[in-house]
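Below: one structure, written as structure tokens.
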Amino acid sequence: MRGAASAFAIVQLTAPLLCEHSASAAAPSDSPDGGTAAASAASAPPAIPPASQPPPLAPAAEPAPMAQASGILPPPVAPAAPPPDFGNGGTTSFGDAFSAVATDTNLLLKMYGDTGFAVRDNAYWPWATTTTSNPGAYSPGVWNSFFTPRIDLFGSADVNKLSFLTEVMFEGNHNELSVDLERVQLTYLVSNWLRLRAGRTHLAWGYYNDTYHHGNLFELTTSRPYSVQFEDSGGIILAHNVGVGADGTLGDGLASFRYDVEVGNGHGADVTAVSLQYAEKNQKSVNVRFRWMPVDGLIIGINGMRDVIPTLLSTAMGVPSRPDTEELVAGAHVVYTEHSFIVDFEGFAMRHNPSGAPSDDIFGGFAEVGYTIGAFTPYLRPEYIRFPASPDVIYQYSADDAQGIASGGPSPYTATRDFADLRLGLKWAPVPQLAFKLEVERLSHDSHAQDIATAKAAFGF
Amino acid sequence: MGKLVRTIGLCSFAMLGWAVASATAVADDGFVVLVNEHNTTSSMSRAELKRAATGTTKQWDSGAVVQLGINPGDAPETQYLASLFETTPRELLSRIEEQVFKGEMRRPAVLHSSGDCIAFARAVAGAICVASAQSHVPPEAHVVTIH
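Here it is as structure tokens:
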């Protein structure tokens, strides 16, 4: 078919050359009434109306736009001469100052959230003496609960090459509302091969971590993989970077690459917190990601990160402090997101080098696979993390050691060697603003398991 | 005489093919991709167009920041754009929203007609949008050939 199109294109080019006079007589008119833009694309010059003629604008009597309703698009442009204002330095047509600013900065405000119902069977879960403040979710037995844990306010704005993006999260924390500044990102585009950013961003790690943020609407599953969970939810890979970064794309086609380089505060002494105001150390975390994108939708990437987790002083008598620890992480990811497939394979290897203590290693990875059929996407996500034989110095804390006291509870990985999670589910997105998810999950700690069934509605307006 | 007949025959065949090709281009596609007059891009592959429309390519060679203009929902222009990427308008719009949320592209301008696209391409240096092939292209914008 493309060959035929090429042949036609060749004929289009050669015919007027072969038969100049005949062609000029037989060709469609280049006049505004007779010519078409498609024809003009192949035979310059294009059909051009007189310069004094105003642009033809169709009346805006269209039905309610889906994409506008979804909120990703700004309000419709008033189709009236002179040409409408599209922001970005154009003259504003609104009377009040806020609207004027909103128009000139292409301001976007959206809200994301989710609500649902979960049933947990903890019959085989060894939570006999847990200190968690969420006993309904983690005590032995079968528990069920509705949840509406968060609302995410997302804003972005652009002025020429300068962009601003923010996410402010109101989320449930032990059944109390807390506010978290999840992303504050200022970006300046120098060129395609160099974009500079500063603020609090998602670490450019693998694919999942900075593709999916706090709006669960976009994710396939009801929650993130454990290894790339957020810091305060048991994540292992650093999720946020407070600092500066650069990224860019190079080349094209088979030689298409992307790089990301980030320097930031890294972990604080409490690994469940983000050092958003001040660092507790002078050494900065360094993260590098390199991707090869040889064909449309395919990403093959690698990561490397170094951080130093500072000493965590114990606040309790008789509890030893945790020494400062170097953290080295390497990762790889292979992703394909075309032709209705969503395939994401990610793996990592982490080494901890604590001062005055032996090193240990953690290995892990997950595979997320989905296939979209209309508005439905069935999916599967196995995840596995292998912890060292002796407890990892950073992420396998108990409720009674320095980190457990600081964060108010034990690690989800305490006393575990093999941590596995298997999810099977269905995402149904009847409209762009709403996605229903039905999911069953088996969470295994060595020989113990917890079964979870979740129904969730994730939305964005 | 024979040479004249061959020339006339060749010309007739070529003219027929050209006419069919022109008609086919309009009938099959019916839409064109427009950019601002200062944009030096004259042709793009579908992959390049997709990169520009979904935030991978962020800047034109002219230096202007890529700014997509898109018609909402199942508008014919959006269907055409999605068909170039072998996807559906819904998946395309979801992808765009995801990219905006990710911070990889600026939110698109909403358009309601081919006339809006033409006005958009005239007014914004980095604009790219889809208009009906029947539209009149003003000197402040030009068509990008998609191959």
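Residue numbers (this note's numbering), protein chains in the order written: chain V, 1 to 461; chain C, 1001 to 1147. The beta-carbon is built from N, C-alpha and C at its ideal position, and this holds for glycine as well. Since the model is a prediction, treat every value here as computed from it, not as a measurement.
K1050 of chain C: which of V:I302, V:T414, V:D252 and V:T315 sits nearest, CA to CA? Looking at V:I302, V:T414, V:D252 and V:T315, the one whose alpha-carbon comes closest to that of K1050 of chain C is V:D252.
Just tell me which of V:R195, V:I237 and V:L438 has its CA closest to the CA of V329 of chain V. Scanning V:R195, V:I237 and V:L438 for the CA closest to the CA of V329 of chain V turns up V:I237.
Amino acids of chain V, ordered along the chain, whose beta-carbon sits closer than 7 angstroms to that of Q1059 of chain C: For Q1059 of chain C, the chain V residues whose C-beta falls within less than 7 angstroms of its own C-beta are L189, S191 and N192, listed in chain order.
Listed by chain order, chain C residues near R195 of chain V by CB distance under 8 angstroms: Those within 8 angstroms of R195 of chain V in chain C are K1058.
For S1043 of chain C, which residues in the same chain have their Cβ closer than 7 angstroms to its Cβ, ignoring the five residues on either side in sequence? Close CB contacts of S1043 of chain C within its chain, under the 7 angstroms cut and outside five residues either way in sequence, are with V1144, T1145 and H1147 (chain order).
So, does the CB of S1094 of chain C fall closer than 8 angstroms to a CB anywhere in chain V? For S1094 of chain C, the answer is yes, since a Cβ of chain V falls inside 8 angstroms of its Cβ.
Would you say V1100 of chain C faces chain V, with C-beta separation under 8 angstroms as the test? Interface with chain V (8 angstroms Cβ-Cβ cutoff): V1100 of chain C is included.
Bounding residues of the beta strand (DSSP E) (the contiguous stretch that carries P430 of chain V): Its beta strand (DSSP E) spans residues D418 to V431.
Can you name the start and end residues of the beta strand (DSSP E) that G1115 of chain C belongs to? Where G1115 of chain C is concerned, there is no enclosing beta strand (DSSP E), although the alpha helix (DSSP H) it sits in stretches over S1114 to A1123.
Buried versus exposed, by CB contacts within 10 Å (16 or more), L443 of chain V: If you draw a 10 Å sphere on the C-beta of L443 of chain V, you find 16 or more other C-beta atoms in it, and that means buried.
Answer with buried or exposed for N144 of chain V, where buried requires no fewer than 16 other C-beta atoms within 10 angstroms of its C-beta. Exposed, since its Cβ has fewer than 16 Cβ neighbours within 10 Å.
Member of V:V288, V:Y336, V:R224 and V:Y278 whose CA lies at the smallest distance from the CA of E383 of chain V: Closest by alpha carbon: V:R224.
How should L313 of chain V be labelled, buried or exposed, when 16 other C-beta atoms within 10 angstroms of its C-beta is the threshold for buried? Classification of L313 of chain V: exposed, given that the 10 Å Cβ count is below 16.
Keeping to the same chain, check which residues put their C-beta closer than 8 angstroms to that of W193 of chain V; ignore five residues upstream and five downstream. In its chain, beyond the 5 residues on either side, G248, T249 and L250 have a beta carbon closer than 8 angstroms to the beta carbon of W193 of chain V.
Three or more C-beta pairs below 8 angstroms linking the stretch 157-164 of chain V and the stretch 180-191 of chain V: Counting Cβ pairs under 8 angstroms, three or more are found: they touch.
T222 of chain V: contacting residues in chain C (beta-carbon distance under 8 angstroms): Those within 8 angstroms of T222 of chain V in chain C number zero; the least Cβ separation is about 18 angstroms.
Span separating the alpha-carbon of A39 of chain V from that of R423 of chain V: Because the pLDDT of A39 of chain V is 39, which lies under 50, any placement of that residue in the model is unreliable, and the number read from its coordinates should be weighed accordingly. Distance between the alpha carbons of A39 of chain V and R423 of chain V: 53 angstroms.
Please tell me whether A1047 of chain C has its Cβ less than 8 angstroms away from any Cβ of chain V. Yes, contact with chain V.
Kindly list, in the order they appear in chain C, the residues whose Cβ is closer than 8 angstroms to that of G215 of chain V. Neighbours of G215 of chain V on chain C, chain order: F1101.
Amino acids of chain C, ordered along the chain, whose beta-carbon sits closer than 9 angstroms to that of N287 of chain V: Residues of chain C passing the Cβ test: none, with the nearest at roughly 17 angstroms.
List the residues of chain V that V1065 of chain C touches, going by C-beta distances under 7 angstroms, in chain order. Simply N160, K161 and L189.
If distances are taken between C-alpha atoms only, which option among C:H1038, C:P1139, C:W1060 and C:C1129 comes closest to V1032 of chain C? Closest in alpha carbon position to V1032 of chain C, among C:H1038, C:P1139, C:W1060 and C:C1129, is C:C1129.
Test: I48 of chain V CB closer than 8 angstroms to a CB of chain C: The predicted position of I48 of chain V is uncertain, since its pLDDT is 35 and thus under 50; no value can be drawn from it.
Does DSSP put R1106 of chain C in a helix, a strand or coil? Three-state result, R1106 of chain C: coil.
Any residues in the stretch 412-441 of chain V with a beta carbon nearer than 7 angstroms to a beta carbon of chain C? Which ones, in chain order? If you check each beta-carbon in the stretch 412-441 of chain V against every beta-carbon of chain C, the ones closer than 7 angstroms belong to P432.
For D361 of chain V versus P388 of chain V, is the C-beta spacing smaller than 8 angstroms? Yes.
Let's test the definition: count the other Cβ atoms within 10 Å of the Cβ of V1110 of chain C and tell me whether it reaches 16, buried, or not, exposed. Burial state of V1110 of chain C is buried, judged by a 10 Å Cβ sphere holding 16 or more other Cβ atoms.
Could you list the residues in the stretch 201-213 of chain V with a C-beta less than 9 angstroms from some C-beta on chain C, going in chain order? With the criterion set as a beta carbon lying under 9 angstroms from some beta carbon of chain C, the members of the stretch 201-213 of chain V are T201, H202, D210, T211, Y212 and H213, in sequence order.
Sorry if obvious, but does the Cβ on K1050 of chain C come closer than 7 angstroms to a heavy atom of the ligand FAD? Of ligands this structure carries none, so the ligand FAD is not represented either.
If you draw a straight line from the C-alpha of I1118 of chain C to the C-alpha of T1087 of chain C, how long is it? Their backbone Cα atoms lie some 24 angstroms apart in a straight line.
Give the DSSP-derived three-state secondary structure of N122 of chain V in the structure shown. Reduced to three states, the DSSP call for N122 of chain V is strand.
Which partner residues does F387 of chain V have in the DSSP bridge list? Beta-bridge pairing links F387 of chain V to no other residue.
Here's the rule I'm using: 16 or more other beta-carbon atoms within 10 Å means buried, otherwise exposed. How should S1045 of chain C be labelled? With a threshold of 16 other beta carbon atoms within 10 Å, S1045 of chain C falls short and is exposed.
Which residues mark the beginning and the end of the beta strand (DSSP E) in which D446 of chain V is found? Per DSSP, D446 of chain V is not a residue of any beta strand (DSSP E), being assigned neither H nor E.
Would the beta-carbon of S1135 of chain C fall within 8 angstroms of that of E1077 of chain C? Against a cut-off of 8 angstroms, the Cβ pair of E1077 of chain C and S1135 of chain C comes out as no contact.
Which word fits S29 of chain V, buried or exposed, when buried means at least 16 other C-beta atoms lie within 10 angstroms of its C-beta? Any reading at S29 of chain V needs caution, since the residue's pLDDT is 35, under 50, leaving its predicted position unreliable; the model's value is listed next. Flag for S29 of chain V reads exposed.
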